[in-house]
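Heads up: the structure comes next, in structure tokens.
2 protein chains.
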Amino acid sequence: MLTIGKLGEAAGVKVPTIRYYEQIGLLPEPERSAGNQRLYGAKALDRLAFIRHARDLGFPLEAIRDLLSLSDRPDQSCAAADIIATEQLAAVKARIARLTALKAELERMITQCAQGTIANCRVIEVLSDHALCADDHRAQTGSGAAT
Amino acid sequence: MLTIGKLGEAAGVKVPTIRYYEQIGLLPEPERSAGNQRLYGAKALDRLAFIRHARDLGFPLEAIRDLLSLSDRPDQSCAAADIIATEQLAAVKARIARLTALKAELERMITQCAQGTIANCRVIEVLSDHALCADDHRAQTGSGAAT
DNA sequence: TCTTGAAGCTATAGTTGCTAGAGACATTAG
DNA sequence: CTAATGTCTCTAGCAACTATAGCTTCAAGA
Numbered sequence: 001m002l003t004i005g006k007l008g009e010a011a012g013v014k015v016p017t018i019r020y021y022e023q024i025g026l027l028p029e030p031e032r033s034a035g036n037q038r039l040y041g042a043k044a045l046d047r048l049a050f051i052r053h054a055r056d057l058g059f060p061l062e063a064i065r066d067l068l069s070l071s072d073r074p075d076q077s078c079a080a081a082d083i084i085a086t087e088q089l090a091a092v093k094a095r096i097a098r099l100t101a102l103k104a105e106l107e108r109m110i111t112q113c114a115q116g117t118i119a120n121c122r123v124i125e126v127l128s129d130h131a132l133c134a135d136d137h138r139a140q141t142g143s144g145a146a147t
Numbered sequence: 001m002l003t004i005g006k007l008g009e010a011a012g013v014k015v016p017t018i019r020y021y022e023q024i025g026l027l028p029e030p031e032r033s034a035g036n037q038r039l040y041g042a043k044a045l046d047r048l049a050f051i052r053h054a055r056d057l058g059f060p061l062e063a064i065r066d067l068l069s070l071s072d073r074p075d076q077s078c079a080a081a082d083i084i085a086t087e088q089l090a091a092v093k094a095r096i097a098r099l100t101a102l103k104a105e106l107e108r109m110i111t112q113c114a115q116g117t118i119a120n121c122r123v124i125e126v127l128s129d130h131a132l133c134a135d136d137h138r139a140q141t142g143s144g145a146a147t
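Respectively, the protein sequence lines represent chains A and B. For the first sequence, full-length UniProt numbering assigns the number 1 to the initial residue and increments by one for each residue that follows. For the second sequence, full-length UniProt numbering assigns the number 1 to the initial residue and increments by one for each residue that follows.
Laid out in structure tokens, this is it:
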């Protein structure tokens, strides 16, 4: 049995975060010791590691909640999990594309910036010019979406 | 002169967001019409476009604030802007690596998930297994850091 | 056995970057 | 002139935590 601190250490999650996950129902309420302290088993560690990794990879908590609910009922079809994964894949691809473009811009900025003053440096210029950006944001003006 | 709505439309930013940026000091207080409505010129549009793009690219508002303060004093050395850009470049590279790993996992999940039930699907498994992940989070267990 | 310091408990409030609503005034198209 | 839209301020809410306060429990050493 692990205390909350040990669990957090093992999964790479901070203690208050674990309590937060419990509070919002992502983790079940664990056993308690005689002195009212939380005690976790191996299952809890798996579940927390799952959450941690999914978070790292950009899944919002709601998607994680869905995935966990699927894993809690493993007799169901995989289709639902597949849909979630597919949606996330699209988001991930888009993010990679964006970031790759940014990387190029930043590298260019840094190279051009190497000497001289801001007056002849393009850092700001590059970032205020619509023409130089991936500009996929033109399309999605209305929605926050993405996350 | 643009009203706040037109400005938002031109820059791809929602109206309340513009007011929020003004509130936190990223945008200067604009002129007002006789009826107290905000009126913006071309400069404001540039500045807002800059913020929008930098946000799109993952710069936190504080970094943007720094960059803007630099652009407000263009006679200075470019070194400071360079440092900010270099820091961001490192962060961007790390994110790309993470996301690329995720992409591989998701693709694998989806392929394996194509038929069958969750019982023989690895969606959950893949994400709870430490061995299969990029595991850079093992190292940074203690600190939020990383910006 | 006692004690001391770390770790745990609950509860509340703060963070970032917005977004949404209420209720009132301004502007503009017909 | 009127009606519809846009804008104004202000407050509250969202996700996903993080930090603080003030207390209790636990493990280990003297």
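Heads up, the beta-carbon is just placed ideally off N, CA and C, and yes, glycines get one too. Remember, predicted model here, so these are calculated numbers, not experimental data.
Nearest-angstrom beta carbon gap, residue j and residue i [assumed within contact, 8 Å]
{"i": "G41/A", "j": "M1/A", "result": "6 Å"}
{"i": "L7/B", "j": "I24/B", "result": "So it is not a contact: roughly 17 Å between Cβ atoms."}
{"i": "R52/A", "j": "V13/A", "result": "5 Å"}
{"i": "residue 148/A", "j": "L26/A", "result": "The structure shown has nothing for residue 148/A, since chain A only spans 1 to 147."}
{"i": "R95/A", "j": "L99/B", "result": "6 Å"}
{"i": "A85/B", "j": "A49/B", "result": "Not confirmed; about 18 Å, so no contact."}
{"i": "K103/A", "j": "L89/B", "result": "7 Å"}
Contacts around residue i, its chain only, beta-carbon distance under 7 Å, and the 5 residues preceding and following it disregarded
{"i": "V92/A", "result": "G58"}
{"i": "V15/A", "result": "I4, G5 and G8"}
{"i": "R32/A", "result": "R38 and L39"}
{"i": "G142/B", "result": "Low confidence applies here, because G142/B scores a pLDDT of 31, under 50, leaving its location unreliable and the question unanswered by this model."}
Endpoints, the alpha helix (DSSP H) within which residue i is located
{"i": "residue 154/A", "result": "Nothing can be reported for residue 154/A, as the shown portion of chain A is limited to 1 through 147."}
{"i": "K14/B", "result": "Element bounds for K14/B: n/a, residue is neither H nor E."}
{"i": "residue 148/A", "result": "Any answer about residue 148/A is impossible in this case: the structure gives chain A only from 1 up to 147."}
Spatial neighbours of residue i in its chain, beta-carbon cut-off 8 Å, leaving aside the 5 residues before and after
{"i": "E29/A", "result": "E22"}
Reduced DSSP category for residue i - H, G, I as helix; E, B as strand; rest coil
{"i": "E31/A", "result": "strand"}
{"i": "L26/A", "result": "coil"}
{"i": "L132/B", "result": "The predicted model places L132/B with a pLDDT of 47, which falls under 50 and marks its position as unreliable; any figure quoted below should be read in that light. Three-state DSSP puts L132/B in a helix."}
{"i": "R19/A", "result": "helix"}
Beta-carbon contacts of residue i that lie in its chain and below 6 Å, excluding the five residues immediately before and after
{"i": "E87/B", "result": "none"}
{"i": "A63/A", "result": "I84"}
Count the CB pairs spanning the region 75-89 of chain A and the region 42-53 of chain A that are closer than 8 Å, and state whether there are at least three.
With the cut-off at 8 Å, the region 75-89 of chain A and the region 42-53 of chain A do not touch.
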